[in-house]
Amino acid sequence: MNNFTSIIGAADHLDNSSDHNEFDTDVFIVGTGPMGATTALALASYGVRTTMISQWSWLANTPRAHITNLRAVEVLRDLGIEEEAKKYAVSWKEMGDTLFTTSLNGPEIARLETWGTGDLRSGDYVKASPCTMLDIPQTYMEPLLVKNAAERGAKVLFSTKYLGHEQDANGVTVHLLNRASGQEYSLRARYLVGADGAKSQIAEELGLEFEGHTARAGTAYVRFNADLSSYVAHRPSILHWIMNPAADFGEIGMGLLRAVRPWDEWIAGWGFSVDDGEPDLSDERVISQIRTLVGDPDLQIDLQGTSTWYVNQQHALSMSKGRVFCGGDATHRHPPSSGLGSNTCMQDAYNLAWKLAYAVKGYAGESLLDSYSDERIPVGAQIVARANQSRLDYAPLRECFNTEMGDGTKSIEAGLARLQAPTKEGAELREKLATSLELKNTEFNALGVELNQRYSSTAVLSDSHEEEVFALDPQLHLQATTRPGAKLPHAWLVGANGRRISTLDVTGKGRFTLITGLSGQAWKDAAQDLNLPFLDTLVVGEEQIKDPYAYWARVREIEEAGALLVRPDGYIAWRQIKNTWEAGEAGKQLSLALEQVLGTTLASLVTAG
1323 MNNFTSIIGA ADHLDNSSDH NEFDTDVFIV GTGPMGATTA LALASYGVRT
1373 TMISQWSWLA NTPRAHITNL RAVEVLRDLG IEEEAKKYAV SWKEMGDTLF
1423 TTSLNGPEIA RLETWGTGDL RSGDYVKASP CTMLDIPQTY MEPLLVKNAA
1473 ERGAKVLFST KYLGHEQDAN GVTVHLLNRA SGQEYSLRAR YLVGADGAKS
1523 QIAEELGLEF EGHTARAGTA YVRFNADLSS YVAHRPSILH WIMNPAADFG
1573 EIGMGLLRAV RPWDEWIAGW GFSVDDGEPD LSDERVISQI RTLVGDPDLQ
1623 IDLQGTSTWY VNQQHALSMS KGRVFCGGDA THRHPPSSGL GSNTCMQDAY
1673 NLAWKLAYAV KGYAGESLLD SYSDERIPVG AQIVARANQS RLDYAPLREC
1723 FNTEMGDGTK SIEAGLARLQ APTKEGAELR EKLATSLELK NTEFNALGVE
1773 LNQRYSSTAV LSDSHEEEVF ALDPQLHLQA TTRPGAKLPH AWLVGANGRR
1823 ISTLDVTGKG RFTLITGLSG QAWKDAAQDL NLPFLDTLVV GEEQIKDPYA
1873 YWARVREIEE AGALLVRPDG YIAWRQIKNT WEAGEAGKQL SLALEQVLGT
1923 TLASLVTAG
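Residues 1323 to 1931 (the working numbering) make up the sequence shown, in order.
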């Protein structure tokens, strides 16, 4: 029995619904993007009957999202597909610097070591996680997720349009259209998940409230193929910002050349004013603009497609109603700055999926499902604000490279002359440039933004009334902690085979884990007495798992005979800091914690055995 199905294999008889045949599926998911596909993969891994639809005949047809941060890769790792994902990724090392230049073939303005690859930050990233950041375009990520979900039992229906739903006390009736045949039909599910994007029909039907606004600014995106290796292979970078009068407008005021696949598949981007309507995206205009950004007037370009998108700043104030849950772009809408989009979508899914699985299996009450909104709404608000602020933070950089001539025209040469002048003004500009680059670390080296997310809900039992104090900038630096509501810290342990294994590898997989030390036998006995099919016990120091580096001892923040209760999504649900020696006392504490987190009584569960 593998790790993914053990929770089900041990507890199929716990599915206490007498009306099992009333439902065509347990969870119905609308949308096959990162949120929908990750939800389907996780649920299928946990053995829950899942159906997912797309109104289209296939998956993402443009690269769109691509930065895959540490937390998202940890999700892939827990779901067993990290190694497969690496096959489709630009590696962490190749993601490289972010370049600010007048053109790919022109003088550079500055470079910034990004994505934690630089000398100043790489150690922080290595210490934070057993994973590395990856660059996986959405055209590769979606098939990876959907394929694995289908292989594990999820049903995936293409060319199927969602028409609407009704929900009642027991389930949800979903109305659909088979676009190939024109047939309308309905399916019955216990729960419905709306992962149907930024124009979510399901969010609208639920009447979800949003804060913020949409379409603040516009961006033109052009996909093209061209061999640019001579310009970039010696200085690897997936993002090149072009400070050039040809792209000196819009909110960011720079052009963008993004490497989709090094170094011959690209996206070019530049801003436009939404008040002026749609930009000119004729072949002639687009080819001229790309050649200007590259700095090669004779560049041979194979155009692949053009599109526009709009800068949104909006997040949901609720993410569910009854048996229907929304997530991903349906609930947080923002620009790609900071690379938080698909990563947050996947983490919404990872938070929701195990809770739905426990509800379907009868392990949890309604309060556990309610905790989804409570935990993810603040995250949505945070990343929407961060992504939009990251766009505004380009302004100081632009001010350092003033290309204005006396007659009102613009010149790259004028901007370079000011910036490089051996004068007081030149010195001040160069100092300002260094300060402006430091500010961009909050976009490109924001480890804290990505990993310092804290949950507060009924599924987290706080043990402190004092607000957490961060020793370093919480946007830039991870503060690893075992405080309830924080993610379990990564620490290298050593297994029985003598190989290193992360704390993240011995938790998760759809199960709760009780962690204690060698002297915590009372907790081991208490968990054994409860005999719950979804609870594992990890005794650090036993032969199967040791702490020879004392890495875990440094970060656990509990005494050796204390205990941590880790949720299936890797977040700390509860902890007992002090030593506990009596199994009876440990059993009382553990039982109470589980009942509060799950919103049910353990007596209502039929024990396995």
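Cβ coordinates follow ideal geometry from the N, Cα and C atoms, glycine included.
- Setting aside the 5 residues that flank it on each side, residue 1709 is surrounded in the same chain by 1656, 1657, 1659, 1660, 1662, each with a C-beta closer than 6 angstroms to its C-beta; the list follows chain order.
- Looking at the DSSP output, residue 1636 bridges to 1534, 1655.
- Secondary structure of residue 1876 (DSSP, three-state): helix.
- Only residues of its own chain outside the window of five on either side were considered, and among them 1385, 1388, 1582 have a CB closer than 6 angstroms to the CB of residue 1459, listed in chain order.
- In the DSSP assignment, the residues bridged to residue 1629 are 1543.
- A Cβ-Cβ separation of about 7 angstroms places residue 1897 in contact with residue 1885 under the 8 angstroms criterion.
- Taking 3 residues as the shortest admissible run, the region 1406 to 1443 contains the following complete beta strand (DSSP E) segments, listed from N- to C-terminal end: 1419 to 1423, 1430 to 1435.
- Rounded to whole angstroms, the gap between the alpha carbons of residue 1688 and residue 1921 is 7 angstroms.
- Taking 7 angstroms as the cut-off, the beta carbon of residue 1489 is found closer than this to the beta carbon of residue 1645.
- Rounded to whole angstroms, the Cβ separation of residue 1567 and residue 1725 is 6 angstroms, and the two are in contact under 8 angstroms.
- Counting every other CB atom within 10 Å of its CB across the protein chains shown gives residue 1376 a total of 16 or more, marking it as buried.
- Spanning the alpha carbons of residue 1383 and residue 1461 requires a straight line of approximately 6 angstroms.
- Distance from the CA atom of residue 1639 to the CA atom of residue 1519, rounded to whole angstroms, is 16 angstroms.
- The beta-carbon separation of residue 1798 and residue 1819, rounded to 37 angstroms, does not stay under the 8 angstroms limit for a contact.
- Distance check between residue 1417 and each of 1400, 1427, 1598, 1444 places 1444 closest, using alpha-carbon atoms only.
- Per the coordinates, the alpha-carbon of residue 1642 lies some 13 angstroms from the alpha-carbon of residue 1522.
- For the pair residue 1765 and residue 1844, the CB atoms are not nearer than the 7 angstroms cut-off.
- Here the alpha carbon of residue 1753 sits roughly 26 angstroms from the alpha carbon of residue 1730.
- Residue 1670 is positioned such that its CB atom lies closer than 7 angstroms to that of residue 1357.
- When secondary structure is reduced to three states using DSSP, residue 1886 falls in the strand class.
- The region 1582 to 1595 makes contact with the region 1548 to 1561: 3 or more CB pairs, one atom from each, lie closer than 8 angstroms.
- Boundaries of the alpha helix (DSSP H) harbouring residue 1758: 1746 to 1761, taken from the DSSP string.
- Proximity to residue 1479 across 1841, 1848, 1380 peaks at 1380, based on C-alpha coordinates.
- For the 7 angstroms CB-CB criterion, residue 1349 and residue 1363 do not form a contact.
- Note that the C-beta distance between residue 1858 and residue 1878 is not below 7 angstroms.
- Within its own chain, the residues whose Cβ lies closer than 6 angstroms to the Cβ of residue 1775, once the five positions on either side in sequence are excluded, are 1701, listed in chain order.
- If you compare the alpha carbons of 1719, 1907, 1536, 1846 with that of residue 1636, the shortest gap goes to 1536.
- Within its own chain, the residues whose Cβ lies closer than 7 angstroms to the Cβ of residue 1679, once the five positions on either side in sequence are excluded, are 1365, 1368, 1370, 1832, listed in chain order.
- Residue 1697 and residue 1673 have their C-alpha atoms spaced approximately 9 angstroms apart.
- The continuous beta strand (DSSP E) containing residue 1814 extends over residues 1814 to 1817.
- Contact annotation: residue 1477 and residue 1499 have beta-carbon atoms that are not nearer than 7 angstroms.
- Nearest neighbour of residue 1841 by Cα position, chosen from 1861, 1856, 1825, turns out to be 1861.
- By the beta-carbon neighbour count (other beta carbons within 10 angstroms, threshold 16), residue 1855 is buried.
- Approximately 6 angstroms separates the beta-carbon atoms of residue 1603 and residue 1542; this is inside 8 angstroms, confirming the contact.
- Residue environment analysis places residue 1772 among the buried positions, since at least 16 neighbouring C-beta atoms fall within 10 angstroms of its C-beta.
- Residue 1574 is a Cβ neighbour of residue 1593, given a cutoff of 7 angstroms.
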